[in-house]
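The listed protein sequences correspond, in order, to chains A and B. Each step along the first sequence adds one to the number in my numbering, with nothing skipped, and position 275 is 275. In my numbering, each residue carries its 1-based index in the second sequence increased by 1000. For glycine and all other residues, C-beta sits at the position ideal for the given N, C-alpha and C. Predicted model, so just to flag it, every value in this text is computed and none were measured. To start, the structure under review is shown below, and the notes come after it.
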Amino acid sequence: MTPTTLRKRRVLPGFGLSLGVTLTYFGLIVLLPVTGLLAKAATVPPDLAWRLFTDPRTLAAFRVSFVASGLAALISVPIGVLLAWVLERYRFPGRRLLDAAVDLPFALPTAVAGIALTTLYVPDGWLGTPLAMLGINVAYTPLGIGVALLFVGLPFVVRTVQPVLAGLDPAAGEAALILGASPWQIVSRVILPPLVPAITTGAALAFARAVGEYGSVIFIAGNRPMVSEIVPLLIVTRLEQYDNPGAALLGAAMLVISLLLLLLIDRMRREVVARHA
Amino acid sequence: MRLPVLTALLALLLAGPASAQTTLLNVSYDPTRELYAAINPAFAKAWKAATGKDVTVRASHGGSGAQARAVIDGLEADVVTLALQSDIDAIVDRGAMVAPGWRDRLPNRSVPYTSTILFVVRKGNPKGIHDWGDLIKPGVSVITPNPKTSGGARWNYLAAMGWALKANQGDQAKAQAYMTALFKHVPILDTGARGSTITFAQRNQGDVLLAWEDDANLAVRQLGRNNLEIVVPSLSIVAEPVVAVVDKVVDKRGSRALAEAYLRFLWTPEAQEIAARHFYRPLDPAILARHADVFPKVTTFGITEVFGEWPEVQRVHFGDGGVFDQIYKPGQ
């Protein structure tokens, strides 16, 4: 093949230019801040770092942050897939409105979401009153953190699953039905397998978003140390004390843990895909 | 066709710097929003009368610590009016933007008005809360913000600690035990003072709110709709918000005379009257007496009488691993 034929096939103008733009963008927008963060974190003396990461309060905050984010991401999977299914496979009045409303958590300032959720879920709020009668307290508990994180994370699952669902031919499901498959078999063998990559991507995005979430959580969490305090709040607390290196260290730790978890999710996704292929 | 546009642009460019000299930026903390919204036009009028020049004072509000950080990071504040000395000290230490010794440059150690910490309770005081000791009775829940993130909350904390020290004849360990018990009764730690006021008054959380007198009045008069009342404890602290000219900025902008005049205006009877109307205690005894109906008699102590100077207080109580951090150690 001659270079000219190669060039003709490219959609973007020139490999050099494309790569240059990509690397510049990646360097300026992603790598530079992350490097700065790591450099700042590295200025913390090891003994102080050790004390910070063995402090029960820090550990409790990490547990709250990652457990709440993980649970919120897991719960957003069935709800998000169902929502995507309804929006994609059914035609009903108000569908477009509902479809647009899914994106609201993206557009809403998170502080507004936090205040709105808190107002709803306080013991004498609209949802808080019936829940309180059942003995369930949402606002100012770790449960409230989960609710806020579910709110900000759900659109990620819906929006990643929806286009894949749109590309699936409904005829496959109908064919399975004609061939005598049970509804459960159709869901687990025909519909879900092609959705798995999109579902894991959506859940991973929701998780990543939840780990870093601050605005909506602090209003509903109650922020009690050891109980409902999230790591981003500890970071802000450090910044308030002008302890920038300490804040950077906590931030770097969150980054590393998140990265490891995301790699793990990606590996699981590839294994599932390979098994179904 | 193009000429008028170009002329207009040129005029704008020329007018820009000229008008920039007659603006002043006051970087303040959250609950002073209404206060400075009233003081700023009054100062502009006084300045016009004295010099014949127009001035526009703009104000920026946020958490006291966050505002100090913004100034250090380059927000061009001509003056800062913050909740506590530590925040201006941080600007001195970390940005070298205010000259050391700033507290002695203005009258009354740079404190133009004071406040104090009071309790706000539900109508009729159903839990019978009258003093600090009542806050740790079983079943009482207390709303106060996190002293680590809120400058205002540090005054709440110090008021409680001051009472506990006095009640225990200066026994540090017993006072600390009281503080630990107190924070066990705090179910929600908001990051700022206004957040706590809203949690208490609008979300109906907690039995008692620890608040600055001005925020307590705001809660009772505006948010509470007659469902709340103020309780004066047996002892409280004199909360001292402080003000300073930001030397580095005024020297660069050439606005020193204006900035100093603005801060000195806070000590005039006119500004003191405005402060009193916004529930900040004026220094002027005559004006204080005129508003005696809204300022109940409170037995107070000054921070230095009990705790020493701010840098020390900040380090011992609110620093990393300090007394406040000890409260939340497991097993306490």
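Bounding residues of the beta strand (DSSP E) (the contiguous stretch that carries residue i)
{"i": "B:Phe-1119", "result": "1113-1122"}
{"i": "B:Ala-1244", "result": "1242-1245"}
{"i": "B:Glu-1229", "result": "1228-1231"}
{"i": "B:Thr-1081", "result": "1079-1082"}
{"i": "B:Arg-1058", "result": "1056-1060"}
{"i": "B:Ser-1110", "result": "Counting along the chain, B:Ser-1110 falls outside any beta strand (DSSP E), though it belongs to the alpha helix (DSSP H) covering 1107-1110."}
{"i": "A:Val-138", "result": "First-last for A:Val-138: undefined, no H or E at that position."}
{"i": "B:Trp-1212", "result": "1208-1212"}
Cβ pair residue i, residue j closer than 8 Å
{"i": "A:Ile-235", "j": "A:Gly-222", "result": "no"}
{"i": "B:Lys-1044", "j": "B:Val-1027", "result": "Per the sequence presented here, residue 1044 of chain B reads as Ala, with Lys not at that position. No, these two residues do not count as a Cβ contact at 8 Å."}
{"i": "B:Ile-1088", "j": "B:Ala-1244", "result": "yes"}
{"i": "B:Ser-1115", "j": "B:Tyr-1280", "result": "yes"}
{"i": "B:Ile-948", "j": "B:Val-1080", "result": "Within the shown structure, residues of chain B are numbered from 1001 to 1332, placing residue 948 of chain B beyond reach of any answer."}
{"i": "B:Asp-1211", "j": "B:Val-1111", "result": "Rather than Asp, the amino acid found at residue 1211 of chain B in this sequence is Ala. In this structure, B:Val-1111 does not lie closer than 8 Å to B:Ala-1211 by Cβ."}
{"i": "B:Lys-1053", "j": "B:Thr-1023", "result": "no"}
{"i": "B:Leu-1082", "j": "B:Ala-1059", "result": "no"}
{"i": "B:Trp-1132", "j": "B:Pro-1296", "result": "no"}
{"i": "B:Leu-1025", "j": "B:Asp-1078", "result": "yes"}
{"i": "A:Glu-229", "j": "A:Val-64", "result": "yes"}
{"i": "B:Val-1231", "j": "B:Asn-1125", "result": "yes"}
{"i": "A:Gly-173", "j": "A:Val-190", "result": "yes"}
{"i": "B:Asn-1217", "j": "B:Val-1294", "result": "yes"}
{"i": "B:Ile-1327", "j": "B:Ile-1237", "result": "no"}
{"i": "A:Gln-185", "j": "A:Ala-175", "result": "no"}
{"i": "A:Pro-183", "j": "A:His-276", "result": "no"}
Close-in-space but distant-in-sequence residues of the same chain around residue i (CB under 7 Å, 5 per side omitted)
{"i": "A:Ser-187", "result": "According to the sequence shown, residue 187 of chain A is Val rather than Ser. Cβ neighbours of A:Val-187 beyond the five flanking positions: none."}
{"i": "B:Lys-1166", "result": "Leu-1235"}
{"i": "B:Phe-1318", "result": "Pro-1147, Lys-1148, Arg-1154 and Phe-1324"}
{"i": "A:Phe-106", "result": "Pro-155"}
{"i": "A:Ala-166", "result": "Glu-88"}
{"i": "B:Asn-1168", "result": "Lys-1174 and Ala-1175"}
{"i": "B:Ala-1160", "result": "Trp-1132, Met-1179 and Leu-1182"}
Extent of the continuous alpha helix (DSSP H) run through residue i
{"i": "B:Thr-1197", "result": "1193-1201"}
{"i": "B:Arg-1135", "result": "Per the sequence presented here, residue 1135 of chain B reads as Leu, with Arg not at that position. No alpha helix (DSSP H) holds B:Leu-1135; DSSP gives it neither H nor E."}
{"i": "B:Val-1027", "result": "First-last for B:Val-1027: 1023-1028, but that is the beta strand (DSSP E), not the alpha helix (DSSP H)."}
{"i": "B:Leu-1158", "result": "1151-1167"}
{"i": "B:Ile-1237", "result": "Careful: B:Ile-1237 lies outside any alpha helix (DSSP H), inside the beta strand (DSSP E) at 1236-1239."}
{"i": "B:Trp-1267", "result": "Careful: B:Trp-1267 lies outside any alpha helix (DSSP H) and carries neither H nor E."}
{"i": "A:Thr-110", "result": "110-121"}
{"i": "A:Val-272", "result": "244-276"}
{"i": "B:Ser-1086", "result": "1085-1095"}
{"i": "B:Ser-1141", "result": "From DSSP, B:Ser-1141 is part of no alpha helix (DSSP H); its letter is neither H nor E."}
{"i": "B:Asn-1040", "result": "1033-1051"}
Neighbourhood of residue i by C-beta distance below 8 Å, restricted to the same chain and skipping five residues each side
{"i": "B:Pro-1145", "result": "Gly-1152, Ala-1153, Asn-1156, Leu-1189, Asp-1190, Thr-1191, Gly-1192, Ala-1193, Gly-1195 and Ser-1196"}
{"i": "B:Gly-1062", "result": "Tyr-1029, Asp-1030 and Ala-1070"}
{"i": "A:Ile-265", "result": "Thr-200, Ala-203, Ala-204 and Phe-207"}
{"i": "A:Ala-68", "result": "Pro-142, Ile-145, Gly-146, Leu-149, Ala-210 and Ile-230"}
Own chain residues within Cβ distance below 6 Å of residue i, not counting five before or after
{"i": "B:Trp-1102", "result": "Ala-1244"}
{"i": "B:Lys-1248", "result": "Met-1097"}
{"i": "B:Leu-1276", "result": "First, the residue type needs correcting, since residue 1276 of chain B is Ala and not Leu in the sequence shown. Cβ neighbours of B:Ala-1276 beyond the five flanking positions: Pro-1282, Ile-1287 and His-1291."}
{"i": "B:Ile-1039", "result": "Ala-1271 and Ile-1274"}
{"i": "A:Tyr-140", "result": "Gly-222"}
{"i": "B:Val-1306", "result": "Gly-1162"}
{"i": "A:Ala-132", "result": "Pro-123"}
{"i": "A:Ala-41", "result": "Ala-248, Leu-249 and Ala-252"}
{"i": "B:Asp-1207", "result": "Lys-1127, Val-1140 and Ser-1141"}
{"i": "B:Arg-1094", "result": "Ile-1072"}
{"i": "B:Arg-1109", "result": "Arg-1103"}
{"i": "A:Asp-99", "result": "Leu-87"}
{"i": "A:Leu-261", "result": "none"}
{"i": "B:Leu-1266", "result": "Pro-1112"}
Below-8 Å beta-carbon distance, residue i vs any chain E residue
{"i": "B:Ala-1090", "result": "Given the protein chain composition of this structure (A and B), no chain E is represented."}
>> At 4 residues or longer, what runs of the alpha helix (DSSP H) sit wholly inside the region 145-217 of chain A?
In response: 170-178 and 192-212, all fully within the region 145-217 of chain A.
>> Pairs of beta-carbons, one from the region 1133-1142 of chain B and one from the region 1249-1266 of chain B, closer than 8 Å: are there three or more?
In response: Taking a contact to require three or more Cβ pairs closer than 8 Å, the region 1133-1142 of chain B and the region 1249-1266 of chain B do not qualify as touching.
>> Quick check on the DSSP output: what are the complete alpha helix (DSSP H) runs of length 4 or more inside the region 42-98 of chain A, in order along the chain?
In response: Counting only unbroken stretches of 4 or more residues, the alpha helix (DSSP H) elements lying wholly within the region 42-98 of chain A are 46-54 and 56-89, in sequence order.
> Would you call the region 200-218 of chain A and the region 63-78 of chain A in contact, with 3 or more CB pairs under 8 Å?
Replying inline: Yes: at least three Cβ pairs fall under 8 Å.
> Quick one: any contact between the region 52-65 of chain A and the region 116-127 of chain A, if contact means 3 or more CB pairs under 8 Å?
Replying inline: With a cut-off of 8 Å on Cβ pairs, the region 52-65 of chain A is not in contact with the region 116-127 of chain A, counting fewer than three such pairs.
>> With three or more beta-carbon pairs closer than 8 Å as the criterion, would you say the region 195-202 of chain A touches the region 229-245 of chain A?
In response: Taking 8 Å as the limit for Cβ pairs, the verdict is that the region 229-245 of chain A does not touch the region 195-202 of chain A.
> When the Cβ atoms of the region 104-113 of chain A are set against those of the region 211-219 of chain A, are three or more pairs found closer than 8 Å?
Replying inline: Judged by Cβ distances under 8 Å, the region 104-113 of chain A makes contact with the region 211-219 of chain A, as three or more pairs qualify.
>> Under 8 Å, with one C-beta from each stretch per pair, do the region 80-94 of chain A and the region 156-164 of chain A reach the 3-pair mark?
In response: With the cut-off at 8 Å, the region 80-94 of chain A and the region 156-164 of chain A touch.
>> Taking contact to mean 3 or more Cβ pairs, one atom from each stretch, closer than 8 Å, check whether the region 84-95 of chain A and the region 160-170 of chain A are in contact.
In response: Result yes; three or more Cβ-Cβ pairs closer than 8 Å.
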